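Here is the structure we will look at, set down as C-alpha coordinates.
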Amino acid sequence: MKYGKAAGIDNISCEMLKALGDFGIDTLTELCNKMYHTAYIPEDLKTSVFILLPKKPRATDCSEYRTISLMCHVLKLLLTVIHKRIAQKIDSEISEMQASFRKASGTREAIFSLKILAEKHIEMQKDIYACFIDYSKAFDSVKHEKLIQAMRKTDIDPNDIALISHLYWKQKTKVRVGKDLSDEVDIKKGVRQGFVLSPSLFNLYTEYIFRKIDDVPGLKVNGENINNIMYADDTVLLAESENGLQNLVTIIEEQSEQYGLMTNTKKT
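The sequence shown begins at 1 in full-length UniProt numbering and counts up by one.
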(Lines of atoms letter the chains of each structure in order from A; the text may use other names.)
(Lines give C-alpha, C1' and ligand atoms only; values in the text may rest on other atoms or scores of the structure.)
Protein backbone atom coordinates (compact mmCIF):
# COMPACT_ATOMS: atom_id res chain seq x y z
CA MET A 1 0.00 0.00 0.00
CA LYS A 2 1.22 3.49 -0.85
CA TYR A 3 1.63 6.18 1.77
CA GLY A 4 -0.72 9.14 1.86
CA LYS A 5 -3.89 7.29 0.89
CA ALA A 6 -7.14 8.50 2.47
CA ALA A 7 -8.38 6.32 5.33
CA GLY A 8 -11.82 4.74 5.55
CA ILE A 9 -14.42 5.21 8.26
CA ASP A 10 -12.11 3.67 10.89
CA ASN A 11 -9.50 6.43 10.30
CA ILE A 12 -6.72 3.81 10.27
CA SER A 13 -4.09 4.95 7.77
CA CYS A 14 -1.61 2.88 5.75
CA GLU A 15 1.18 4.39 7.82
CA MET A 16 -0.41 3.08 11.03
CA LEU A 17 -0.70 -0.46 9.64
CA LYS A 18 2.89 -0.49 8.40
CA ALA A 19 4.13 0.75 11.77
CA LEU A 20 2.82 -2.47 13.38
CA GLY A 21 5.72 -4.44 11.89
CA ASP A 22 5.78 -8.26 12.06
CA PHE A 23 3.06 -8.35 14.70
CA GLY A 24 0.77 -6.44 12.36
CA ILE A 25 1.54 -8.75 9.43
CA ASP A 26 0.66 -11.85 11.46
CA THR A 27 -2.52 -10.30 12.86
CA LEU A 28 -3.73 -8.95 9.52
CA THR A 29 -2.98 -12.26 7.80
CA GLU A 30 -5.03 -14.13 10.39
CA LEU A 31 -7.90 -11.64 10.06
CA CYS A 32 -7.91 -11.75 6.24
CA ASN A 33 -7.78 -15.56 6.21
CA LYS A 34 -10.73 -15.72 8.59
CA MET A 35 -12.79 -13.35 6.41
CA TYR A 36 -11.88 -15.30 3.28
CA HIS A 37 -12.69 -18.77 4.60
CA THR A 38 -15.95 -17.69 6.25
CA ALA A 39 -16.96 -15.35 3.39
CA TYR A 40 -17.98 -12.91 6.11
CA ILE A 41 -16.91 -9.27 6.31
CA PRO A 42 -17.69 -7.39 9.56
CA GLU A 43 -20.20 -4.57 9.08
CA ASP A 44 -17.71 -1.94 10.28
CA LEU A 45 -15.25 -2.93 7.56
CA LYS A 46 -17.96 -2.99 4.87
CA THR A 47 -19.12 0.54 5.68
CA SER A 48 -17.49 3.08 3.39
CA VAL A 49 -17.32 6.85 3.16
CA PHE A 50 -18.39 8.58 -0.05
CA ILE A 51 -16.73 11.81 -1.10
CA LEU A 52 -17.72 13.89 -4.11
CA LEU A 53 -15.17 15.10 -6.66
CA PRO A 54 -16.18 17.64 -9.32
CA LYS A 55 -15.84 16.47 -12.92
CA LYS A 56 -15.26 20.06 -14.06
CA PRO A 57 -14.52 23.47 -12.49
CA ARG A 58 -17.42 25.29 -10.80
CA ALA A 59 -19.65 22.20 -10.80
CA THR A 60 -23.15 22.96 -9.49
CA ASP A 61 -25.32 20.00 -10.53
CA CYS A 62 -25.20 16.56 -8.85
CA SER A 63 -24.48 14.93 -12.23
CA GLU A 64 -21.30 17.02 -12.46
CA TYR A 65 -19.73 15.21 -9.49
CA ARG A 66 -18.06 11.80 -9.33
CA THR A 67 -18.54 9.65 -6.23
CA ILE A 68 -15.42 8.05 -4.77
CA SER A 69 -15.65 5.34 -2.11
CA LEU A 70 -13.14 5.44 0.76
CA MET A 71 -12.71 1.99 2.28
CA CYS A 72 -10.92 0.66 5.32
CA HIS A 73 -7.33 -0.27 4.43
CA VAL A 74 -7.64 -3.68 6.09
CA LEU A 75 -10.41 -4.58 3.64
CA LYS A 76 -8.38 -3.13 0.77
CA LEU A 77 -5.57 -5.56 1.62
CA LEU A 78 -7.87 -8.56 1.38
CA LEU A 79 -9.50 -7.37 -1.84
CA THR A 80 -6.12 -6.72 -3.45
CA VAL A 81 -5.27 -10.38 -2.87
CA ILE A 82 -8.68 -11.43 -4.27
CA HIS A 83 -8.12 -9.23 -7.32
CA LYS A 84 -4.82 -10.95 -8.10
CA ARG A 85 -6.64 -14.29 -7.94
CA ILE A 86 -9.52 -13.38 -10.24
CA ALA A 87 -8.19 -10.68 -12.62
CA GLN A 88 -6.71 -13.09 -15.16
CA LYS A 89 -9.81 -15.31 -15.08
CA ILE A 90 -12.02 -12.31 -15.80
CA ASP A 91 -9.69 -10.99 -18.49
CA SER A 92 -9.91 -14.30 -20.36
CA GLU A 93 -13.69 -13.77 -20.63
CA ILE A 94 -13.48 -10.24 -22.01
CA SER A 95 -13.73 -9.40 -25.71
CA GLU A 96 -10.62 -8.13 -27.51
CA MET A 97 -12.70 -5.06 -28.37
CA GLN A 98 -12.64 -3.93 -24.71
CA ALA A 99 -9.55 -1.74 -24.26
CA SER A 100 -9.96 -0.53 -20.67
CA PHE A 101 -8.22 -1.72 -17.50
CA ARG A 102 -6.10 -4.30 -19.35
CA LYS A 103 -2.37 -4.78 -19.82
CA ALA A 104 -0.91 -3.32 -23.03
CA SER A 105 -4.24 -1.72 -23.88
CA GLY A 106 -5.84 1.67 -23.41
CA THR A 107 -7.42 4.68 -25.07
CA ARG A 108 -4.64 4.94 -27.67
CA GLU A 109 -5.26 1.39 -28.87
CA ALA A 110 -9.02 1.98 -29.06
CA ILE A 111 -8.62 5.25 -30.98
CA PHE A 112 -6.03 3.72 -33.30
CA SER A 113 -8.34 0.78 -34.10
CA LEU A 114 -11.21 3.12 -34.96
CA LYS A 115 -8.93 5.33 -37.06
CA ILE A 116 -7.62 2.38 -39.10
CA LEU A 117 -11.12 0.97 -39.66
CA ALA A 118 -12.38 4.35 -40.87
CA GLU A 119 -9.37 4.93 -43.15
CA LYS A 120 -9.63 1.48 -44.75
CA HIS A 121 -13.35 1.88 -45.44
CA ILE A 122 -12.80 5.31 -46.99
CA GLU A 123 -9.91 3.91 -49.05
CA MET A 124 -12.16 1.11 -50.34
CA GLN A 125 -15.01 3.60 -50.90
CA LYS A 126 -17.23 1.81 -48.42
CA ASP A 127 -19.70 3.49 -46.09
CA ILE A 128 -19.08 3.36 -42.35
CA TYR A 129 -21.70 4.28 -39.76
CA ALA A 130 -20.87 4.88 -36.10
CA CYS A 131 -22.82 5.58 -32.93
CA PHE A 132 -20.92 6.67 -29.81
CA ILE A 133 -22.70 5.49 -26.67
CA ASP A 134 -22.27 6.98 -23.23
CA TYR A 135 -24.04 5.54 -20.17
CA SER A 136 -25.42 7.67 -17.35
CA LYS A 137 -23.70 6.83 -14.04
CA ALA A 138 -22.65 3.42 -15.39
CA PHE A 139 -20.54 2.26 -12.43
CA ASP A 140 -23.26 3.38 -10.01
CA SER A 141 -26.02 1.51 -11.88
CA VAL A 142 -24.68 -2.07 -11.83
CA LYS A 143 -27.26 -4.55 -10.51
CA HIS A 144 -25.63 -6.72 -7.86
CA GLU A 145 -27.65 -9.83 -8.69
CA LYS A 146 -26.64 -9.57 -12.37
CA LEU A 147 -23.01 -9.08 -11.37
CA ILE A 148 -23.03 -12.22 -9.23
CA GLN A 149 -24.66 -14.17 -12.09
CA ALA A 150 -21.90 -13.00 -14.43
CA MET A 151 -19.18 -14.17 -12.02
CA ARG A 152 -20.83 -17.58 -11.65
CA LYS A 153 -20.53 -18.08 -15.42
CA THR A 154 -16.73 -17.94 -15.14
CA ASP A 155 -14.27 -20.28 -13.42
CA ILE A 156 -13.74 -17.88 -10.50
CA ASP A 157 -13.39 -19.83 -7.26
CA PRO A 158 -16.73 -20.08 -5.37
CA ASN A 159 -15.02 -18.75 -2.21
CA ASP A 160 -14.01 -15.58 -4.06
CA ILE A 161 -17.54 -15.15 -5.42
CA ALA A 162 -19.04 -15.69 -1.96
CA LEU A 163 -16.78 -13.05 -0.42
CA ILE A 164 -17.52 -10.49 -3.16
CA SER A 165 -21.25 -11.26 -2.85
CA HIS A 166 -21.13 -10.59 0.88
CA LEU A 167 -19.25 -7.35 0.25
CA TYR A 168 -22.04 -6.01 -1.94
CA TRP A 169 -25.03 -7.39 -0.06
CA LYS A 170 -26.37 -5.06 2.64
CA GLN A 171 -23.48 -2.63 2.32
CA LYS A 172 -23.73 0.82 3.85
CA THR A 173 -22.00 4.15 3.42
CA LYS A 174 -21.81 7.62 4.89
CA VAL A 175 -21.39 10.74 2.77
CA ARG A 176 -18.71 13.26 3.70
CA VAL A 177 -19.17 16.88 2.63
CA GLY A 178 -16.40 19.07 3.98
CA LYS A 179 -16.03 18.06 7.63
CA ASP A 180 -19.62 16.83 7.97
CA LEU A 181 -20.56 13.14 7.84
CA SER A 182 -24.09 11.95 7.06
CA ASP A 183 -26.04 9.12 8.67
CA GLU A 184 -25.64 5.62 7.21
CA VAL A 185 -27.26 5.01 3.83
CA ASP A 186 -27.98 1.60 2.24
CA ILE A 187 -26.27 0.91 -1.11
CA LYS A 188 -28.47 -1.24 -3.32
CA LYS A 189 -26.59 -1.11 -6.63
CA GLY A 190 -23.33 -0.09 -8.27
CA VAL A 191 -19.67 -1.05 -8.08
CA ARG A 192 -17.56 1.21 -5.92
CA GLN A 193 -15.35 3.72 -7.72
CA GLY A 194 -11.92 3.74 -6.12
CA PHE A 195 -12.28 0.02 -5.32
CA VAL A 196 -9.57 -2.28 -6.72
CA LEU A 197 -12.04 -4.90 -8.01
CA SER A 198 -14.41 -2.46 -9.72
CA PRO A 199 -12.71 -2.11 -13.15
CA SER A 200 -12.48 -5.89 -13.66
CA LEU A 201 -16.01 -6.49 -12.35
CA PHE A 202 -17.42 -3.76 -14.58
CA ASN A 203 -15.69 -5.18 -17.66
CA LEU A 204 -17.19 -8.60 -16.89
CA TYR A 205 -20.62 -7.06 -16.33
CA THR A 206 -20.72 -5.22 -19.66
CA GLU A 207 -19.27 -8.25 -21.48
CA TYR A 208 -22.60 -10.03 -21.06
CA ILE A 209 -24.42 -7.05 -22.54
CA PHE A 210 -22.30 -6.91 -25.69
CA ARG A 211 -22.19 -10.66 -26.27
CA LYS A 212 -25.75 -10.22 -27.56
CA ILE A 213 -24.35 -8.62 -30.72
CA ASP A 214 -21.46 -11.02 -31.36
CA ASP A 215 -23.11 -12.34 -34.51
CA VAL A 216 -24.89 -9.13 -35.56
CA PRO A 217 -23.33 -7.72 -38.77
CA GLY A 218 -21.02 -4.75 -38.35
CA LEU A 219 -17.87 -4.14 -40.40
CA LYS A 220 -16.29 -6.98 -42.35
CA VAL A 221 -12.49 -6.97 -41.97
CA ASN A 222 -10.52 -9.92 -43.34
CA GLY A 223 -13.51 -12.17 -42.74
CA GLU A 224 -13.94 -10.91 -39.17
CA ASN A 225 -17.07 -9.15 -37.92
CA ILE A 226 -16.27 -5.98 -35.94
CA ASN A 227 -19.31 -4.10 -34.66
CA ASN A 228 -18.00 -2.32 -31.57
CA ILE A 229 -14.96 -0.88 -29.82
CA MET A 230 -15.16 -0.27 -26.07
CA TYR A 231 -13.28 1.59 -23.39
CA ALA A 232 -15.00 0.88 -20.06
CA ASP A 233 -18.50 2.38 -20.41
CA ASP A 234 -17.65 4.38 -23.55
CA THR A 235 -18.54 2.45 -26.70
CA VAL A 236 -18.73 3.02 -30.42
CA LEU A 237 -21.03 0.77 -32.47
CA LEU A 238 -20.00 0.23 -36.10
CA ALA A 239 -21.89 -0.86 -39.21
CA GLU A 240 -21.78 -0.54 -42.99
CA SER A 241 -25.37 0.70 -43.31
CA GLU A 242 -27.78 2.96 -41.45
CA ASN A 243 -30.21 0.09 -40.87
CA GLY A 244 -27.39 -2.12 -39.63
CA LEU A 245 -26.33 0.51 -37.12
CA GLN A 246 -29.90 1.05 -35.95
CA ASN A 247 -30.23 -2.69 -35.36
CA LEU A 248 -27.09 -2.70 -33.19
CA VAL A 249 -28.27 0.34 -31.21
CA THR A 250 -31.69 -1.20 -30.57
CA ILE A 251 -30.25 -4.50 -29.31
CA ILE A 252 -27.70 -2.81 -27.04
CA GLU A 253 -30.26 -0.38 -25.59
CA GLU A 254 -32.66 -3.23 -24.76
CA GLN A 255 -29.93 -5.42 -23.27
CA SER A 256 -28.42 -2.51 -21.33
CA GLU A 257 -31.78 -1.68 -19.75
CA GLN A 258 -32.05 -5.27 -18.49
CA TYR A 259 -28.70 -4.72 -16.77
CA GLY A 260 -29.73 -1.36 -15.33
CA LEU A 261 -27.61 0.80 -17.63
CA MET A 262 -29.28 3.76 -19.35
CA THR A 263 -27.79 5.65 -22.29
CA ASN A 264 -27.01 9.32 -21.76
CA THR A 265 -28.94 10.97 -24.61
CA LYS A 266 -27.01 14.23 -24.21
CA LYS A 267 -23.68 12.52 -24.90
CA THR A 268 -24.72 9.65 -27.21
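Ideal Cβ positions, reconstructed from N, Cα and C, are used throughout, including at glycine. In this text the structure is predicted, and so the values were computed from the model without any measurement.
Reference residue i, options the options, closest by Cα
i           : options           : result
residue 78  : 52, 159, 21, 20   : 159
residue 36  : 17, 48, 3, 164    : 164
residue 199 : 267, 88, 222      : 88
residue 106 : 229, 187, 93      : 229
residue 104 : 115, 91, 114, 116 : 91
residue 247 : 47, 81, 129       : 129
residue 157 : 86, 94, 220, 120  : 86
residue 240 : 131, 71, 126, 258 : 126
residue 121 : 225, 43, 152, 219 : 219
residue 44  : 28, 66, 75        : 75
residue 80  : 16, 32, 242       : 32
residue 62  : 10, 177, 34, 145  : 177
residue 93  : 16, 242, 202, 166 : 202
residue 114 : 195, 151, 132     : 132
residue 8   : 116, 249, 69      : 69
residue 281 : 213, 84, 225, 186 : Since the first and last residues shown for the chain are 1 and 268, residue 281 lies out of range.
residue 166 : 250, 254, 145, 2  : 145
residue 250 : 224, 19, 216      : 216
Interface flag, residue i vs chain B, CB-CB below 8 angstroms
i          : result
residue 33 : Protein chains in the displayed structure number just one, and chain B is not present.
Residue i - partner residues in DSSP beta bridges
i           : result
residue 48  : 173
residue 185 : 173
residue 269 : With the chain covering only 1 through 268, there is no way to say anything about residue 269.
residue 235 : 133, 230
residue 249 : Its beta-bridge partners do not exist; DSSP assigns none.
residue 68  : 51
residue 224 : 221
residue 180 : 177
residue 98  : 230
residue 263 : 135
Other residues of its chain near residue i: CB distance less than 6 angstroms, five sequence neighbours each side excluded
i           : result
residue 274 : Nothing can be reported for residue 274: it is not among the residues displayed for the chain, which extend from 1 to 268.
residue 97  : 228, 229, 230
residue 151 : 161
residue 84  : none
Nonlocal neighbours in the same chain, by C-beta distance under 7 angstroms from residue i, ignoring five residues either side
i           : result
residue 138 : 233, 261
residue 95  : 207, 210
residue 212 : 251, 255
residue 54  : 64, 65
Environment of residue i [buried if 16+ CB atoms lie within 10 Å]
i           : result
residue 265 : exposed
residue 58  : exposed
residue 235 : buried
residue 182 : exposed
residue 124 : exposed
residue 48  : buried
residue 46  : buried
residue 168 : buried
residue 21  : exposed
residue 12  : exposed
residue 173 : buried
residue 244 : buried
residue 195 : buried
Contacting residues, own chain, Cβ-Cβ under 8 angstroms from residue i (five flanking each side not counted)
i           : result
residue 109 : 99
residue 273 : Coverage of the chain is limited to positions 1 through 268, which leaves residue 273 absent and any answer about it impossible.
residue 155 : 89
residue 253 : 263
residue 184 : 47, 172, 173, 174
Presumed contact (8 angstroms Cβ cut-off) between residue i and residue j, rounded CB distance
i           : j           : result
residue 238 : residue 227 : 6 angstroms
residue 197 : residue 82  : 7 angstroms
residue 299 : residue 191 : Examination of residue 299 is not possible in this model, given that the chain is present from 1 through 268 alone.
residue 259 : residue 188 : Not a contact, Cβ separation roughly 15 angstroms.
residue 67  : residue 193 : 6 angstroms
residue 26  : residue 72  : Their Cβ separation, rounded to whole angstroms, is 19 angstroms, which puts residue 26 and residue 72 out of contact at 8 angstroms.
residue 52  : residue 40  : The pair is not a contact, with the Cβ atoms about 31 angstroms apart (cut-off 8 angstroms).
beta-carbon residue i near the ligand SAH non-hydrogen atom, thresh 7 angstroms
i           : result
residue 216 : For the ligand SAH, the structure offers nothing, since it holds no ligand at all.
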